[in-house]
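First comes the structure, then the notes that go with it.
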Amino acid sequence: MDGTSLIPILLIAVVVIIVLSVFFSFFPLTLWISALAAGVRISIITLVAMRLRRVTPSRIVNPLIKATKAGLGLNINQLESHYLAGGNVDRVVNALIAAQRANIPLEFTRAAAIDLAGRDVLQAVQMSVNPRVIETPVVAAVAKNGIEVKVKARVTVRANIDRLVGGAGEETIIARVGEGIVTTVGSSDAHKDVLENPDSISRTVLSKGLDAGTAFEILSIDIADVDVGKNIGAYLQTEQAEADKRIAQAKAEERRAMAVAQEQEMKARVVEMRARVVESESEVPLAMAEALRSGKIGVMDYMNLKNIEADTQMRGSLGKMGEGDQNGPQNNK
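Heads up: the sequence shown is residues 1 to 333, going by full-length UniProt numbering.
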């Protein structure tokens, strides 16, 4: 047999392989046989229809096999509709099986709604069986005596399946517990009361019903650590005193500036008065000249006035000399 006679055989083999691949892609016989072996009655036409609806048959049939073996009583339409809605069929079936084993009442519609809401329904069932411990960050609060107290708590919660849809998450639990801690410490008269009775925080927080409206049920709140922080009251008083001192300094500086300005103003007024005196004194010779011209005073009167001024200046000079002689011996002593 030459090479030319092998070409048609190879072409036929390739065509057969392609046809079989296309056939098995649309007709998942192995999956159909597995379903029949597990007791799940499903037709090959239904599997082909899933292909046409762009549904992966294995993601529907395999969970259906698990559900049938577990006795859940689910049908293929329920699983396919949940898959088309964007849900995780395998996780929902696993959650239903876990809930059945733990005697937790959970229906498929409820589990599908929880899954479509974005929550892990399987993890919720597991938390209902095995409660989870949430550790809060360090919460700082200040007692009435001004001492800061740092508290860290561990909250044991159990998932409440009935409130998973629309219920708040772990962040809300942590925030509410922190609020309760701040309220309890803030209402204490002294930080020593909190250090002596840390369980008072747990009792106060639990009595507030912090799990209302959340997807969890708080079982217990345990205080893991209590530390003493800064003296916030003393710090605030120090800051207030510093601020008051700065205000007083600013007011004193303002008063000093006003006093300096007033002093400068008075000096300016003194200079102004002196200028007026000099101006008035400069008018005296003019007045004397006018009086002489008009004959209101005579020459002898003018001379007598000058003699009086000279005599007055002489007496002033002699008085100053006498004061100097009296002060001189005292200074020498």
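By construction, the Cβ of each residue, glycine as well, lies at the ideal position given by its N, Cα and C atoms.
The alpha helix (DSSP H) with residue i in it runs from where to where?
i: Asn62; result: Ser58 to Ala70
i: Val260; result: Ile232 to Ser294
i: Ala37; result: Leu29 to Ala37
i: Val205; result: Asp199 to Ser207
i: Ser81; result: Ile76 to Leu84
When you compare only the Cα positions, how much space is there between residue i and residue j?
i: Phe108; j: Thr68; result: 13 Å
i: Ser202; j: Gly178; result: 11 Å
i: Arg91; j: Leu79; result: 11 Å
i: Trp32; j: Val89; result: 19 Å
i: Arg274; j: Ser282; result: 12 Å
i: Lys333; j: Ala243; result: At Lys333, the pLDDT of 46 sits below 50, so the modelled position is not reliable; the number obtained from the coordinates is stated separately. For Lys333 and Ala243, the distance between alpha carbons rounds to 55 Å.
i: Lys320; j: Val270; result: 26 Å
i: Tyr302; j: Leu318; result: 24 Å
i: Arg158; j: Val205; result: 17 Å
i: Val182; j: Arg163; result: 27 Å
i: Lys211; j: Pro137; result: The amino acid occupying residue 211 in the given sequence is Asp; Lys does not appear at that position. Computed Cα separation, rounded: 18 Å.
i: Lys251; j: Ala257; result: 10 Å
i: Lys267; j: Leu305; result: 34 Å
i: Gln313; j: Met300; result: 20 Å
i: Asn103; j: Arg119; result: 21 Å
i: Asp225; j: Gly180; result: 16 Å
i: Ser280; j: Leu286; result: 10 Å
i: Ile232; j: Ala190; result: 13 Å
i: Asp193; j: Glu239; result: 27 Å
i: Leu122; j: Phe216; result: 15 Å
i: Gly169; j: Leu116; result: 16 Å
i: Arg246; j: Glu253; result: 10 Å
i: Thr46; j: Val61; result: 11 Å
i: Lys152; j: Ile174; result: 11 Å
i: Val165; j: Leu36; result: 36 Å
i: Gly316; j: Arg255; result: 43 Å
Quick check on the burial criterion: 16 or more other C-beta atoms within 10 angstroms. Buried or exposed for residue i?
i: Arg176; result: buried
i: Met1; result: Summary for Met1: the model assigns pLDDT 49, below 50, so the residue's position carries little reliability; its value from the coordinates is reported in the next sentence. Counting Cβ neighbours within 10 Å, Met1 comes out exposed, since fewer than 16 surround it.
i: Val125; result: buried
i: Met127; result: buried
i: Met50; result: buried
i: Asp227; result: exposed
i: Ser188; result: buried
i: Asn75; result: exposed
i: Ala95; result: buried
i: Thr30; result: exposed
i: Leu106; result: buried
i: Val298; result: Here residue 298 turns out to be Gly, not Val, going by the sequence shown. Label assigned to Gly298: exposed.
Going by DSSP in three states, residue i sits in which element: helix, strand or coil?
i: Ile104; result: coil
i: Ala190; result: coil
i: Asp225; result: strand
i: Arg132; result: strand
i: Val55; result: coil
i: Ile308; result: helix
i: Leu164; result: coil
i: Leu219; result: strand
i: Ala141; result: strand
i: Asn332; result: Per-residue confidence for Asn332 stands at a pLDDT of 48, beneath the threshold of 50, marking its modelled position as unreliable; the derived number appears in the next sentence. Helix, per DSSP.
For the putative contact between residue i and residue j, defined by C-beta atoms under 8 Å, what is the C-beta separation to the nearest angstrom?
i: Leu219; j: Pro131; result: 6 Å
i: Thr214; j: Thr172; result: 5 Å
i: Arg154; j: Asp199; result: Contact flag wrong, Cβ pair sits at about 13 Å.
i: residue 338; j: Gly186; result: The requested residue 338 is not part of the displayed model; the chain covers only 1 to 333.
i: Gly229; j: Ala140; result: 6 Å
i: Pro63; j: Val93; result: 4 Å
i: Gln65; j: Val48; result: Note that residue 65 is Ile in the sequence shown, not Gln. Actually they do not touch by this definition, with Cβ atoms about 19 Å apart.
Following the continuous beta strand (DSSP E) through residue i, name the residue where it begins and the one where it ends.
i: Arg154; result: Ile147 to Ala159
i: Ala117; result: That residue, Ala117, is in no beta strand (DSSP E); it is neither H nor E in DSSP.
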